[in-house]
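Enquirer:
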Amino acid sequence: MASSLAPDPTTDEGRSTPSSYGVLWSRVEDGFYVANRDGVFLGYLDREADGTYRVFNGRSRKVGEAPDRRAAMAVLLSHHDEEAMA
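Terminal number for the sequence shown in my numbering: 102, no gaps in between.
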């Protein structure tokens, strides 16, 4: 089941976070989400038993963690943007 959980680019919220535009999030199973943009694998989120999410880049390297799914999504997008600018 795929869904775009990124902010709507037609709203002020979407315009304030352009890095999320075009990102497709797919729920693989309960607590496990993968992200891609234009066919490029960005990384994934993995929920732990305590409800926190570990965040991994497209090379399966841990790049952070977050208390909830939305925050974890933001961590992954921010990390991806930082790598692209480097």
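Positions of the beta carbon are idealized from the N, C-alpha and C atoms, including for glycine.
Please list, in chain order, all residues of the same chain as Gly74 whose beta carbon is under 7 Å from its beta carbon, the five residues on each side excluded.
Expert: Phe57, Leu58, Gly59
Enquirer: Got a sec, what are the start and stop residues for the alpha helix (DSSP H) Arg86 sits in?
Expert: 85–101
Enquirer: Which value, in whole angstroms, describes the spacing of the CA atoms of Arg70 and Arg86?
Expert: 12 Å
Enquirer: Would you say the beta carbon of Glu81 is closer than 8 Å to some non-hydrogen atom of the ligand ZN?
Expert: You won't find the ligand ZN in this model; it holds no ligand whatsoever.
Enquirer: Run through DSSP, which three-state label would Asp62 get?
Expert: Reduced to three states, the DSSP call for Asp62 is strand.
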